[in-house]
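Trainee: Okay, so the sequence shown: first residue is 420 according to this note's numbering, each after it adds one.
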Amino acid sequence: PGGSIERGGDNGYVHKDSMACSVFGNSPGLKVKEHPGKGGDFTQCLVSELAKSSKDERATLSIITSRVGKALNKLSNYDQTCWMEGDSQCHNVVFMPKAK
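(1) With the cut-off set at 8 angstroms, would you say Gly444 and Glu453 are in Cβ contact?
(2) Throw me the rounded Cβ distance for the Thr484 and Met503 pair, which I believe falls under 8 angstroms.
(3) Can you check whether the CB of Leu491 is closer than 8 angstroms to the CB of Phe461?
(4) One question on the structure: do Cys464 and Gly505 come within less than 8 angstroms of each other, judged by their Cβ atoms?
(5) Please state whether DSSP places Ser495 in a helix, a strand or coil.
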């Protein structure tokens, strides 16, 4: 499609879209604890905040990432943090624009 961007890693997979971003919570090389049936601290915080944000039609990805970071800091005793990388336009995209 016109105007789309191809992004891909060395694995041969290519993402075709006009905007792309990733949210991270585990620093490379950092060994984190997993909780059986719940996942790691980052996963728990991300899932919780996405669920809460599904009811908030004003929650942008930037706001969600900030909330995840605060929750992750608290849960991990400040051993982990959260950040987002990618197209700057993604920061202001509303996660659930028609939330009720």
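Backbone N, C-alpha and C fix where the C-beta goes; we use that ideal spot for every residue, glycine too.
Mentor: Quick look at the numbers:
(1) Using a Cβ distance threshold of 8 angstroms, Gly444 and Glu453 do not count as a contacting pair.
(2) The pair is a contact, with the Cβ atoms about 5 angstroms apart (cut-off 8 angstroms).
(3) Cβ atoms of Phe461 and Leu491: closer than 8 angstroms.
(4) In this structure, Cys464 sits away from Gly505, with a CB-CB distance that is not shorter than 8 angstroms.
(5) DSSP places Ser495 in the coil class of the three-state scheme, outside both helix and strand.
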